[in-house]
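Enquirer: Just so you know, the protein sequences line up as chains A and B, in that order.
Position 98 (the first sequence) corresponds to 313 in this note's numbering; numbering is contiguous.
Position 84 (the second sequence) corresponds to 77 in this note's numbering; numbering is contiguous.
We put the CB at the ideal spot given by N, CA and C, even for glycine.
As the structure is a computational prediction, the values presented were derived from the model and not from experiment.
Can you keep this structure in mind? I'll have questions shortly.
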Amino acid sequence: AQTVTQSQPEMSVQEAETVTLSCTYDTSENNYYLFWYKQPPSRQMILVIRQEAYKQQNATENRFSVNFQKAAKSFSLKISDSQLGDTAMYFCAFMKHGFGYGQNFVFGPGTRLSVLP
Amino acid sequence: DGGITQSPKYLFRKEGQNVTLSCEQNLNHDAMYWYRQDPGQGLRLIYYSQIVNDFQKGDIAEGYSVSREKKESFPLTVTSAQKNPTAFYLCASSTRQSNTGELFFGEGSRLTVL
């Protein structure tokens, strides 16, 4: 069974600074997807960024980028130029390749990020 | 705008009572899911449905029931058999495309048992 670990329950960062959230996972699969989801205080969870394991290039979405280390099973999220709106709970998630259904998602416990003015 | 609507946002229940949480989506997604969120535990899957009139148990289905009579709707009933029902419940949906994997979430329902 797959597991996802987020070792930082809470983090804080000053506005405009850069912060990195850690995520490690355990799997015997070779093809899979990794995700970072954001859950702001309004509670609607949204997708931040997605990485396909067979792609070596790290995914980027504007101020959000990942450092994907497949051999180390590590998938960290870097937020550059942090904004107050980035304050949220961030979940790392794993999904096996070939399954298009959410029943195969495994979520980490989350990291609560606070962006300070 | 397309999205997922959950209701009610907050619900209080006395012990021994059943309660039903509503989830409606207008995204034309085939698959729908119910997750339970507890502090420090991430999201855990309760039930999921890939098509109308079909649903499957997730990891923590005991004490819960669902139905999928319409594509747009996937209500969750928390029964009196659920030993620790106080939690935040999230409904989600997705397409069948295996190259995306993205889940779309509602805003959630917080259930408190008094």
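In the DSSP assignment, find the unbroken beta strand (DSSP E) run with Arg29 of chain B in it and report its ends.
Expert: Ala24 to Gln30
Enquirer: Exposed or buried, which one is Pro1 of chain B when buried takes at least 16 other CB atoms within 10 Å?
Expert: exposed
Enquirer: Just to make sure I have the definition right: I need the residues of chain A whose C-beta is within less than 9 Å of the C-beta of Glu65 of chain B. Which are they?
Expert: Near Glu65 of chain B there are no residues of chain A at all, since even the closest Cβ is about 17 Å away, more than 9 Å.
Enquirer: Classify Leu299 of chain A as buried or exposed, calling it buried when 16 or more other Cβ atoms lie within 10 Å of its own Cβ.
Expert: exposed
Enquirer: Give me the chain B residues within the contact set of Gly323 of chain A, using Cβ-Cβ distance strictly less than 8 Å, ordered along the chain.
Expert: Gly35
Enquirer: Taking CB distances under 8 Å as the criterion, tell me whether Phe98 of chain B reaches chain A.
Expert: Yes, contact with chain A.
Enquirer: Going by DSSP in three states, Asp47 of chain B sits in which element: helix, strand or coil?
Expert: In this structure, Asp47 of chain B counts as coil in the three-state DSSP scheme.
Enquirer: With a threshold of 8 Å on Cβ separation, who are the neighbours of Ser280 of chain A within its own chain once the five nearest residues in sequence on each side are excluded?
Expert: Ile264, Asn273, Ala274, Leu292, Lys293 and Ser295
Enquirer: Please classify Asp52 of chain B: does DSSP put it in a helix, a strand, or coil?
Expert: Annotated three-state conformation of Asp52 of chain B is coil, per DSSP.
Enquirer: Give the residues of chain A in contact with Gly101 of chain B, contact being defined as C-beta atoms less than 7 Å apart.
Expert: Residues of chain A passing the Cβ test: Arg258.
Enquirer: Quick one: give me the first and last residue of the beta strand (DSSP E) that Met310 of chain A is part of.
Expert: Ala303 to Lys311
Enquirer: What three-state label does DSSP hand Asn277 of chain A in the structure shown?
Expert: Asn277 of chain A falls in the coil class under three-state DSSP.
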